[in-house]
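Taking it in order: structure first as structure tokens, then the write-up.
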Amino acid sequence: TILILGACGQIGTELTQRLREIYGSEHVVASDIREGDADFLNSGPFEIINAMDKERILEVVKKYKVTQVYLMAAMLSATAEKIPLKAWDLNMQSLLHVLEIAKEKHIQKVYWPSSIAVFGSTSPKIDTPQQTVMEPSTVYGISKVSGEHWCNYYHNKFGVDVRSLRYPGIISWKTKPGGGTTDYAVDIYFKAKEEGKYECFLEEETKLPMMYMEDAINATIQIMQAPTENIKTRTSYNLAAMSFTPKEVAEEIQKHIPEFEISYKPDFRQEIADSWPQIIDDSAAREDWSWNHSFDLELMTKDMLSNIGTKNNELLTAL
Ligand code: VAH
52 TILILGACGQ IGTELTQRLR EIYGSEHVVA SDIREGDADF LNSGPFEIIN
102 AMDKERILEV VKKYKVTQVY LMAAMLSATA EKIPLKAWDL NMQSLLHVLE
152 IAKEKHIQKV YWPSSIAVFG STSPKIDTPQ QTVMEPSTVY GISKVSGEHW
202 CNYYHNKFGV DVRSLRYPGI ISWKTKPGGG TTDYAVDIYF KAKEEGKYEC
252 FLEEETKLPM MYMEDAINAT IQIMQAPTEN IKTRTSYNLA AMSFTPKEVA
302 EEIQKHIPEF EISYKPDFRQ EIADSWPQII DDSAAREDWS WNHSFDLELM
352 TKDMLSNIGT KNNELLTAL
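First residue of the sequence shown? That's 52 in our numbering, and the numbers climb one at a time after it.
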């Protein structure tokens, strides 16, 4: 059985749905700190779990004989800058609890997401390598680079089978943005459809690595299903699909909504974005476990605009 912590978050929501399609709903336990509004809730087991409560996680692991945990609960970059120590506690305590539970052999496999936020201004911005200087300047990035070293430590010292991906910005339409700096690229599509205009909190030339949710979910399933001997990196794998600027997204949207207008009003998130890479080298993932992306900006824009404002999405945006 699989347990997902943070199942109501941006990635957790779609990961839960996909895992239930693959393994059967009854074999995928969704959990979060509160009951969300995702429609998957009544399609399989759901438990209220605070990812910082180790005893509660263990209780649910034993109740459902969980063998794999996907730890998707975390505080993202923009939110974390507002409450640094709470973000550190959530992001690190949850990971250490799950690694300990795996070390104690209650579960066999762990998935833990890292991020391109582990890189800082001193990392190469173009074709950022798998291994390079990593001096993150955000609380979120500090927690993710620390978490990577903990994953590597528990693997090397205790044989824990933990796998990790450095997600770029992820774009989707099923959930509203969750406090990320890259979430302008989610908001812009909703505002284009709902209001025909968008005020962007990043400058127009801010290029960032991005990925469509479908690709991120595929990569997550793929690395977890890969034979253990193919996993050569136990900190975390660089993962990439495309890189674009707010200007390029706006131009792509205007191919579908010609009257769409974008304006720019950079805020504190500009500094976060400026510290991150622009183009990521994910050749290690492509070599080790055959990673390959499917969505580019054109295909993603078509899919986003055709799904936003549909029946199932109206319910969400109405909530
Ligand atoms: C954020 N979406 O903006 C997340 C992610 C690389 C970006 O870490 O914080």
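Where a beta carbon is used, it is the ideal one built from N, C-alpha and C, also for glycine.
Residues in the same chain with beta-carbon distance under 8 Å from residue i, minus the five sequence neighbours each way, listed in chain order, please.
i: Glu299; result: Leu348
i: Ile53; result: Leu70, Tyr74, His78, Val79, Val80, Val117, Thr118, Gln119, Val120 and Tyr121
i: Ser335; result: It is worth fixing the name first, because residue 335 is Ala in this sequence and not Ser. Contacts found: Gln181, Lys283, Thr284, Tyr288 and Asn289.
i: Phe311; result: Ala243, Gly247, Lys248, Tyr249, Ala301, Ile304 and Gln305
i: Gly87; result: Ala58, Cys59 and Thr64
Would you check whether ligand 1 has a heavy atom nearer than 8 Å to the C-beta of residue i?
i: Leu146; result: no
i: Thr179; result: no
i: Ile359; result: no
i: Trp327; result: yes
i: Asp234; result: yes
i: Gly198; result: no
i: Ser128; result: yes
i: Pro317; result: no
i: Ala168; result: yes
i: Gly230; result: yes
i: Tyr191; result: yes
i: Pro96; result: no
i: Ile221; result: yes
i: Tyr218; result: yes
i: Pro260; result: yes
Thinking C-alpha only, which one of the options is nearest residue i?
i: Val169; options: Tyr218, Asn207, Met143 and Asp212; result: Tyr218
i: Lys113; options: Lys316, Glu98, Leu127 and Met123; result: Glu98
i: Arg337; options: Lys306, Gln144, Asn281 and Thr183; result: Asn281
i: Gly247; options: Glu186, Leu92, Gln305 and Leu290; result: Gln305
i: Val120; options: Ile108, Ile55, Met126 and Thr183; result: Ile55
i: Asn203; options: Trp163, Asp234, Lys242 and Val237; result: Trp163
i: Ser345; options: Asp88, Pro135, Asn93 and Ala291; result: Ala291
i: Ser172; options: Glu186, Ala124 and Tyr249; result: Glu186
i: Ile313; options: Glu250, Ile323 and Ala277; result: Glu250
i: Lys105; options: Arg214, Tyr74 and Gln144; result: Gln144
i: Arg285; options: Glu322, His206, Met103 and Glu310; result: His206
i: Ser76; options: Leu66, Arg214 and Ser94; result: Ser94
i: Asp238; options: Thr352, Phe91 and Ala58; result: Thr352
i: Asp212; options: Gln159, Tyr191 and Trp340; result: Gln159
Tell me the DSSP secondary structure of residue i in three-state form.
i: Ile84; result: coil
i: Thr271; result: helix
i: Gly220; result: strand
i: Gln119; result: strand
i: Val79; result: strand
i: Lys248; result: strand
i: Phe97; result: strand
i: Pro260; result: strand
i: Met126; result: coil
i: Lys156; result: coil
i: Ser326; result: coil
i: Ser194; result: helix
i: Ser294; result: strand
i: Glu312; result: strand
i: Leu56; result: strand
i: Thr179; result: strand
i: Val213; result: strand
i: Asn207; result: helix
i: Ser145; result: helix
i: Val184; result: coil
i: Ile331; result: strand
i: Asn289; result: strand
i: Ser357; result: helix
Excluding five sequence neighbours on each side, which residues of the same chain lie with their C-beta closer than 6 Å to the C-beta of residue i?
i: Lys258; result: Ser294, Thr296 and Gln329
i: Met355; result: Trp224 and Tyr240
i: Thr226; result: Gln61 and Thr64
i: Gly360; result: Lys244
i: Val184; result: Thr173 and Ser174
i: Ser166; result: Lys195, Arg217 and Tyr218
i: Glu256; result: Thr296
Under the assumption that residue i contacts residue j (Cβ atoms under 8 Å), give the Cβ distance between them as a whole number of angstroms.
i: Gly229; j: Pro260; result: Their Cβ separation, rounded to whole angstroms, is 18 Å, which puts Gly229 and Pro260 out of contact at 8 Å.
i: Ile274; j: Tyr288; result: 7 Å
i: Val80; j: Tyr115; result: 5 Å
i: Ser194; j: Asn269; result: Contact doesn't hold; Cβ gap of about 25 Å is too wide.
i: Ala236; j: Ile308; result: So it is not a contact: roughly 16 Å between Cβ atoms.
i: Lys133; j: Phe209; result: Not quite, the Cβ-Cβ distance comes to about 35 Å (not below 8 Å), so this is no contact.
i: Glu189; j: Ala124; result: It should be pointed out that residue 189 corresponds to Thr in this sequence rather than to Glu. With a Cβ gap of about 18 Å, Thr189 and Ala124 do not count as contacting.
Ignore the nearest five residues each way along the sequence and tell me which others in residue i's own chain have a CB closer than 7 Å to its CB.
i: Arg29; result: Missing from the structure shown is residue 29; the chain here goes from 52 to 370 and no further.
i: Lys176; result: Pro328 and Gln329
i: Trp201; result: Leu146, Leu147 and Leu150
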